[in-house]
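Heads up: the sequence shown is residues 0 to 892, going by numbering that gives the first Met the number 0.
Every residue, glycine too, gets a C-beta built ideally from N, C-alpha and C.
Worksheet: one structure, shown below.
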Amino acid sequence: MKTNNQPNSTKKSILQFRIGILTMSLLLSLLSVPNSWASTKHSFDNVLQESTITGTITDERGEPLPGATVQVVNTTVGSVSDFDGKYTITVPNSATKLLFSYSGFAQQEVSIEGKTTINITLVESALSLEEVVLTGTTNPRKKIESSVAISTLSVKEMESRVIRNSADLLKSVPGLWVESTGGDGPGNVRVRGFPDGGYAFMGIMEDGLPVFQAGTNSIPSPDQFFKVDATIKQSEAIRGGTAPIIMQGAAGALVNNITKTGGNEFEGLAKLSTSPNQDMYRLDLNLGGPISEGLHYNIGGFLRTDDGVYDYGYAANRGGQIKANVVKYLDKGSIRVYTKFIHENVNWNLTSPYIFNKNGDLGDVPGFDNKKDGAGLNGADTQYSYTLPSGEVVNRDVQDGFYTNLISGGFEFKHELGNNWFFKNNFRIDDITHNNDTDVLTGIAVLDTNNSYFYTDGTQIEDVANLNGNGLGMGAVIIASDNKYKNLINRLEISKRGDKNGLTIGLEYFKYQLESSSSQALVTKELTHAPRLLIANDPSASAFLPVALLAPGGITQADGTENTISIYITDELELSDKLRLDTGFRYDHKSLKGNNFGKDGSSIFAGGAGYTIGAPVAFDESQGNWVASIGLNYKINDGFALFARGSRGYNGLKLGDFTADGADATALTELDTRVIRQGEVGFKYSSPSFGLFSSLIYADVNNLAKGIAIPGPSGLVNQQIFISSRTISAEIEASYKINKNFNLKLITTVQDPVYTDLTFTANEGTFVEGQTFDWAGNTAERVPKLTADMTINYSGKKLNAFTGLRYYSKRWSTPANNVELKGFSEVYLGAGYNFSKSLNLNFNVANLFNTTQLTEGNTRGDQFVDIDTIDGTPRLGRRNLPRTFFINMTYKF
0 MKTNNQPNST
10 KKSILQFRIG
20 ILTMSLLLSL
30 LSVPNSWAST
40 KHSFDNVLQE
50 STITGTITDE
60 RGEPLPGATV
70 QVVNTTVGSV
80 SDFDGKYTIT
90 VPNSATKLLF
100 SYSGFAQQEV
110 SIEGKTTINI
120 TLVESALSLE
130 EVVLTGTTNP
140 RKKIESSVAI
150 STLSVKEMES
160 RVIRNSADLL
170 KSVPGLWVES
180 TGGDGPGNVR
190 VRGFPDGGYA
200 FMGIMEDGLP
210 VFQAGTNSIP
220 SPDQFFKVDA
230 TIKQSEAIRG
240 GTAPIIMQGA
250 AGALVNNITK
260 TGGNEFEGLA
270 KLSTSPNQDM
280 YRLDLNLGGP
290 ISEGLHYNIG
300 GFLRTDDGVY
310 DYGYAANRGG
320 QIKANVVKYL
330 DKGSIRVYTK
340 FIHENVNWNL
350 TSPYIFNKNG
360 DLGDVPGFDN
370 KKDGAGLNGA
380 DTQYSYTLPS
390 GEVVNRDVQD
400 GFYTNLISGG
410 FEFKHELGNN
420 WFFKNNFRID
430 DITHNNDTDV
440 LTGIAVLDTN
450 NSYFYTDGTQ
460 IEDVANLNGN
470 GLGMGAVIIA
480 SDNKYKNLIN
490 RLEISKRGDK
500 NGLTIGLEYF
510 KYQLESSSSQ
520 ALVTKELTHA
530 PRLLIANDPS
540 ASAFLPVALL
550 APGGITQADG
560 TENTISIYIT
570 DELELSDKLR
580 LDTGFRYDHK
590 SLKGNNFGKD
600 GSSIFAGGAG
610 YTIGAPVAFD
620 ESQGNWVASI
630 GLNYKINDGF
640 ALFARGSRGY
650 NGLKLGDFTA
660 DGADATALTE
670 LDTRVIRQGE
680 VGFKYSSPSF
690 GLFSSLIYAD
700 VNNLAKGIAI
710 PGPSGLVNQQ
720 IFISSRTISA
730 EIEASYKINK
740 NFNLKLITTV
750 QDPVYTDLTF
760 TANEGTFVEG
770 QTFDWAGNTA
780 ERVPKLTADM
790 TINYSGKKLN
800 AFTGLRYYSK
810 RWSTPANNVE
820 LKGFSEVYLG
830 AGYNFSKSLN
840 LNFNVANLFN
850 TTQLTEGNTR
860 GDQFVDIDTI
870 DGTPRLGRRN
880 LPRTFFINMT
890 YKF
């Protein structure tokens, strides 16, 4: 979107700086594109250009809006405002109106006739229902015209949520229960009450392509391969509806994160952040602008180091990301080439000790403060070595945590075929190394005072019974896994766009490969903050006992390939000026092939030497699944609309089902399709000061595999069962603009997730073997029946501030509904001061009052306990994250 302004000396110096930056980018190769391309204008229409219009775009406070879009109505001729809100656009002689738009603001159409200068003031739109969304539509539609439950999240809103990791971003989406308590490690998301976590029912996308396969329950976790930084322009979240048509396996929801591309003028952003709590230092950068006429670039990323939410004596999170793209605008289309590199180590915070009280209050174990202490391994003991029964020596370091090394690259090509037909192809490849060194607590026990205990440096514990004021030890398992993933995805679409109808036909190919191996070791830790390892009786002995000596699960190895070919079709039809119908269908044909290696040997308890990797057990399975969706949107007037939608999705077999340790390939192939049905009705209301988006949903899932941990003489025995559930819920977004400075926003979900089928007979080898349990009718565990997020924002010329409250109602810890987790709330707030248009200082705090409660109890066996017998005893659970302060300074140039 080229302007006609002549560059002054300042612009020349900026251009020289810009070119210097580009020499460090891998994307310089694009400068060799044909000269004929470089002479084209930023327009998809080959039309006669007759006149030039200039102007300035500002908000209600008179502040310039950089990056606002100016478009000739009913064409693709457009321009973008610069850092000062100024724009220049050359329009065809047939043009009659200009459309001005900016994320979070109401659009405005202005007549061109007789004008060469148009200055415009855009007004912030309550809930942005007038905003045009791109995800999941053939013809880009305003939210108020769409029959899909969709939320948009601007950069400004992200900042006012005090997002601490990638999973935290999802807390702004109704219908999602997000556990980001693992810190920067894998998050856990439950969608519309469905009884499974991880990312089992939702997907994360980046610029229209999946970041990773949907349907994973924990590891691999898509949030490890997507990072929130200054390169993100906006996020669009779809709940139900067309989500499984847009992305394979995303039956419940998907979030598409849209990356910035360079505009007509050079723009840059540098943001320096620190946190005194976490000893965090982080630098975010983003640069973008034109290279030559019709050729634009954007490059950015972040670099950081911090101790994590609990200080264990080392930098738990370190590394960063680089993202870059170059866009070439052609006569009738564009080509965008992009790349991403992540090199990062992050820490995963899981369970911690606490005193269980059946009234829901958390008690502190003596020597451990729930509000500030963490149970991760002390930095002095993170390096370890043990020998497997095979003779292989494992040398690792828990400080490495989740290590990600990701390199990806791809391109997107768009072309207008003529007669309102359009072609688009999006392609990407990923090469990922994702290793895991994790310390996971398994239990708490009183230390045996008949034993002598030593630290790893040989120091003997003098008073075992009163060690740390509690005399307790914590059992833990150290997991060491190496994983390599490769993705290749290509999505081809042909679309027909008309005034009354929009049709898209798509063909997608997704190839996913994995190689994985792991081993585990048992350790005992003292119960205190950043605990040390304990060795019983012999200080020269190893603190690490390989699980492979005891059980086959102590080692694993697998490899495999998952190929999916999908075809999908969507159609949007305007039945009248007020009524729109849209339909969608997708068919996925998936083939899964690979090896899950068996185990040879026997336990040392049985006189054996332990377990080693055995012969490969091959699997080769193919399946086909389909999804469909139909929706109606009735726009009563410009500010009020009703919508209804029904959809059928599925939760199909995945490569991870077959490569999981102990997976039964025969039983998996006999599973019926796990069908997910959703129906919803709702309404949308928009006015200059108030916006409301509300929907009522029914959703169910059947034949879902679920693991139940049952206590036995040798510990917990995992038994696989199959369950069904249904959810009735209401999802509400509301925004009220009190005046030009104050805005109030509410996001809330009310839901009732219930098991409709959960019956099983306990296996042999458990304390309750042969007993039948029927938990049908119980509430699904861990999901609050009410979540609410309310934020008040103040925006002035110099001062910006916000405060918010998140509330989560009580939940059941287990499907047996015998252990209840207490409801809790968190307050977050922030304030910023604009020293100039370029320089801004912000101060934010998450969990201001340092509220401490459990987001997850000990679901591994707690469903069989009597809460009266455990009342007042030490237990394990996952806490919400503690209070954290952040300070950041942003400079825009």
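Residue i: first and last residue of the uninterrupted beta strand (DSSP E) it sits in
i      : result
MET888 : 883-891
LEU578 : 578-601
ASP481 : 471-496
THR437 : 420-445
LEU98  : 96-100
THR386 : 382-386
ILE298 : 294-305
ASP283 : 279-291
ALA643 : 639-649
LEU64  : Per DSSP, LEU64 belongs to no beta strand (DSSP E) and is neither H nor E.
ASP619 : 609-636
THR260 : Element bounds for THR260: n/a, residue is neither H nor E.
ILE321 : 316-329
GLY678 : 674-685
Residue i (DSSP reduced to helix, strand or coil)
i      : result
GLY553 : helix
GLU780 : coil
GLU205 : strand
ALA698 : strand
GLN223 : helix
ILE218 : coil
LYS155 : helix
LYS836 : coil
ALA249 : coil
ASP861 : helix
THR230 : coil
LYS170 : helix
ASN841 : strand
LYS142 : helix
PHE604 : helix
GLN212 : coil
GLN398 : helix
ASN465 : helix
VAL546 : helix
ARG874 : strand
Contacting residues, own chain, Cβ-Cβ under 6 Å from residue i (five flanking each side not counted)
i      : result
ARG874 : PHE355 and ASN857
TYR454 : ARG531
VAL161 : TYR827, ASN843 and ALA845
SER590 : ASN562 and SER621
ASN181 : According to the sequence as given, residue 181 is Gly; it is not Asn. Excluding sequence neighbours, GLY181 sits near TRP347 and ASN348.
GLU343 : GLY318 and THR403
ILE460 : TYR452 and LEU466
Anticipated Cβ contact below 8 Å, residue i with residue j, distance rounded
i      : j      : result
LEU757 : ILE722 : 5 Å
LYS331 : GLU235 : 26 Å between Cβ atoms; not a contact.
TYR313 : THR403 : About 18 Å; that fails the 8 Å criterion.
GLY214 : ASN650 : 7 Å
SER602 : ALA550 : 7 Å
Same chain only: Cβ atoms within 7 Å of residue i, ignoring 5 sequence neighbours per side
i      : result
SER333 : VAL326, LYS327 and LYS413
GLY472 : ALA444, LEU446, THR523, LYS524, GLU525, LEU526 and LEU533
GLN277 : ASP305, ASP306, GLY307, VAL308 and THR883
Alpha helix (DSSP H) segment containing residue i, residue limits
i      : result
GLY655 : 654-658
ALA666 : 664-668
ASP867 : 866-869
Contacting residues, own chain, Cβ-Cβ under 8 Å from residue i (five flanking each side not counted)
i      : result
VAL616 : ASN594, ASN595, PHE596, GLY597 and ALA664
THR273 : MET279, TYR280, ARG281, PHE885, ILE886 and ASN887
PHE543 : TYR383, SER384, TYR385, ILE477, ALA520, LEU521 and VAL522
GLU144 : ARG579, ASN632, LYS634 and ALA640
Check: residue i C-beta below 7 Å from any heavy atom of the ligand GDP
i      : result
ARG810 : This structure lacks the ligand GDP, and indeed carries no ligand of any kind.
Could you pull out every unbroken beta strand (DSSP E) segment of at least 3 residues lying fully inside the region 730-798, listed in chain order?
The DSSP assignment places complete beta strand (DSSP E) segments of no fewer than 3 residues inside the region 730-798 at 741-756, 758-760, 771-773 and 785-794, in order along the chain.
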